[in-house]
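These protein sequence lines map, in sequence, to chains A and B.
The numbering of the first sequence is numbering that gives the first Met the number 0, which starts it at 0 and goes up by one.
The numbering of the second sequence is numbering that gives the first Met the number 0, which starts it at 0 and goes up by one.
Heads up: the structure comes next, in structure tokens.
Number of protein chains: 2
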Amino acid sequence: MMGAAKDRVEIVEVGPRDGFQSVAPFIPTARKIAIIEALYAAGIRRMEATSFVSPKALPQLADAAEVLAAAQALPGLEAQVLVPTARHAERALEAGARHLAFVLSVSERHNRGNVRRAPAESAEEYARIVAMLPEGTGLRLNLATAFDCPHLGRIDEAETLALLDGMADMAPRAEVALCDTTGRVNPAHVQGLFTTAMERFPQVARWAFHAHDTYGLGAANTLAAWNAGVRVFDASVAGLGGCPFAPGATGNVATEDLVYMFDGMGVATGIDLSSLAAVAREVAELPEAQTGGRVRVALAARACIADIAA
Amino acid sequence: MMGAAKDRVEIVEVGPRDGFQSVAPFIPTARKIAIIEALYAAGIRRMEATSFVSPKALPQLADAAEVLAAAQALPGLEAQVLVPTARHAERALEAGARHLAFVLSVSERHNRGNVRRAPAESAEEYARIVAMLPEGTGLRLNLATAFDCPHLGRIDEAETLALLDGMADMAPRAEVALCDTTGRVNPAHVQGLFTTAMERFPQVARWAFHAHDTYGLGAANTLAAWNAGVRVFDASVAGLGGCPFAPGATGNVATEDLVYMFDGMGVATGIDLSSLAAVAREVAELPEAQTGGRVRVALAARACIADIAA
């Protein structure tokens, strides 16, 4: 586990998608773009910039095309967009998307709640998307509720593996992310499922982990995935996320907390922690933002102590 | 890392000491005792009940003798008390203490700030305490700033090991705790130092880890210590702690967060999570309490969703 100097991870900043979508008041498009630019300035080079979904279902992301264009204007930024169906994938490609992240849920109940389809039907959507992708388009496959479902609780490993059995060969070059949608997974489950999946699907070139911090285990679960060999991690600046109907049910693990952890371990992220923390403090000021994470606050407290001491 | 059914850990609840001492307004003794009794009812069987220190330096713990007596009246509760010098150890023993936890800092600057002694002088105090202990008295050796010092930053592994070189044989039956006083340590450092120390000091029967959550890594660092083979973990109910002069600089990792993590891993703690979370919500209501942790809030939010759905 000791991080040698050459170790590195890729942090995927999902605040502009997973974070913004959880904020009720519309965030002006210019403000979204300013935050994306500030994240980029802090060293973020991969981002889930937005999502192409029904603007009726998710009015916050109705400006997806405009936000995507702005993100893609930043040199060297890999801007992925989340799509839940082939139709929305078409819209994203028409808008110029060069990296799609397709999401489906292992849990049938959760998948039907999101897209009114069984997981197997969503897998067919994925196949259609793979078939329509222009050469060179990046692709990620997100398995939501890969560990735990808000309605059903723990998802059996066999169920997640069975879904992957049918999908892993559709696009072997795709990155596969196992997502802890509820934040209820534990480190043993994370490490165990990744270890099994990585052995069973050697054709998958890259694996990613998507942690939520609702139960305080975002960093611990990320560490468990790291120990299993995962090197791509989703996180949201300021821990932005949560659900307006569940006070305290926080969102993704905070990007600055992961950067702090990996910095300490000597694992390169390419991100400047203090710049990122400054962006996080700004993001935390968004109206009705539900935030998480500790580093943003701890660094500010330390600055304040230094002031007193000086 | 997968937890078999027989795996278990011992959680040491340090809220009544590390937590209470950080709260400025005096907590009435009866309230302290009521919290200790509620923690016991939730299944806590080991607790740092108080500390014998100068009542001038720490007026919050001036009722140490009374609190200790109440804790020791609970059948099967192992109530340890923290002491920083031989003189205070004498006071604790006179008050009937049956388990002492001696603390010194690896960092000379930090140790001088706490007890106006060099670490080597504190090590002599420890030797005097070992010599005066009645047969059967429990003993723990806490190495504060074992990883990181608030003044000096990272503490070299060699420095911590050198201090233990001189102390490990003084009382081989003592439990040795490496403490992350600042919350700034990272999982690689935790796992690395424990692994080295456990190999170098085979005469130490039990090791413990004391995590703070100031930078969001309390659970991740606990997991790293677990992976190194540590089975005794300090934690504070509601994450009570922090420093009145550092807003946001939270305290120990929350007990309920660790119980949640170990429960999920199938590792027995003997503690009932939902009873503990109820105590945590009460503790969070203490005037000027600085709290941390996620589980207390997340479980309450889930209860609230269930209400809406019903």
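The C-beta atom is built at its ideal place from N, Cα and C for all residues, glycine as well.
Note that the structure is predicted; figures quoted are calculated from it, not measured.
Under three-state DSSP, which class holds G2 of chain A? Unreliable positioning characterises G2 of chain A in this predicted model, as indicated by a pLDDT of 46, which lies under 50. A coordinate reading is not provided.
Any C-beta of chain A sitting closer than 8 Å to the C-beta of H87 of chain B? no
Apply the 10 Å Cβ neighbour rule to V13 of chain B and answer buried if 16 or more other Cβ atoms are within range, or exposed otherwise. buried
Would DSSP call M197 of chain B helix, strand or coil? helix
Could you give the first and the last residue of the continuous beta strand (DSSP E) run that contains R139 of chain A? 137-143
Closer than 8 Å, CB to CB, is G165 of chain A near chain B or not? no
On the three-state DSSP scale, how would you describe N185 of chain A? coil
Could you list which residues in chain B have their beta carbon closer than 8 Å to that of D256 of chain A, in chain order? Y214, G215, L216
Please compile the residues from chain A whose C-beta is within a distance smaller than 9 Å of the C-beta of G265 of chain B. N185, A187
Name the residues in the stretch 220-234 of chain A whose C-beta lies less than 8 Å from a C-beta of chain B; which are they? T221, L222, A223, N226
Looking at the secondary structure, which residues open and close the beta strand (DSSP E) in which F208 of chain A lies? 205-209
Per the contact definition of three or more C-beta pairs closer than 8 Å, is the stretch 95-110 of chain A in contact with the stretch 79-86 of chain A? yes
Under 9 Å by beta carbon: chain B residues contacting G292 of chain A: G215
Kindly indicate if chain B contains any beta-carbon less than 8 Å away from that of E12 of chain A. no
So Y259 of chain B packs on V229 of chain B, CB below 8 Å; how close in whole Å? Rounded, the Cβ-Cβ distance is 18 Å, inconsistent with contact.
So that I know if they touch, is there some Cβ in chain B lying closer than 8 Å to that of A297 of chain A? yes
Give the straight-line distance between the Cα atoms of A204 of chain A and P171 of chain A, rounded to the nearest whole angstrom. 7 Å
Taking the C-alpha atoms as reference points, what is the distance between A288 of chain A and A117 of chain B? 48 Å
Could you compute how far the alpha carbon of T221 of chain A sits from the alpha carbon of Q59 of chain A? 28 Å
Where does V296 of chain A sit, in a helix, a strand or coil, going by DSSP? helix
Does R183 of chain B pass the burial test, meaning 16 or more other C-beta atoms within 10 Å, or should it be called exposed? buried
Using CA atoms only, rank isn't needed, just tell me which of B:V189, B:A237, B:E107 is closest to N226 of chain B. B:V189
Please report whether the beta-carbon of A237 of chain A lies at a distance below 8 Å from any beta-carbon of chain B. no
Three-state secondary structure (DSSP) at F51 of chain B? coil
Given this structure, state the Cα-to-Cα distance separating C148 of chain A from T180 of chain A, to the nearest angstrom. 7 Å
Only counting the same chain, and skipping five residues up and downstream in sequence, which positions put a Cβ closer than 6 Å to that of P286 of chain A? P24
Considering only C-alpha positions, which residue in the set B:M197, B:S53, B:E255, B:V266 is nearest to A297 of chain B? B:E255
Run through the DSSP bridge pairs and tell me what F232 of chain A is partnered with. A:I10, A:F208
Step through the CB atoms of chain A and report whether any lies within less than 8 Å of the CB of Y125 of chain B. no
Do three or more CB pairs link the stretch 101-113 of chain B to the stretch 60-73 of chain B at distances below 8 Å? no
Nearest residue (CA-CA) to L216 of chain B, options B:G291, B:E158, B:A277: B:G291
Might you give, ordered along the chain, the residues of its own chain that have their beta carbon closer than 6 Å to the beta carbon of A210 of chain B, omitting 5 neighbours on each side? D179, G217, N220, T221, V252
So that I know if they touch, is there some Cβ in chain B lying closer than 8 Å to that of A279 of chain A? no
DSSP three-state label for A37 of chain B, please. helix
When DSSP labels each residue in this structure, what does L151 of chain B get in the three-state scheme? coil
Of the residues that make up the stretch 44-66 of chain B, which ones have a beta carbon closer than 8 Å to any beta carbon in chain A? none
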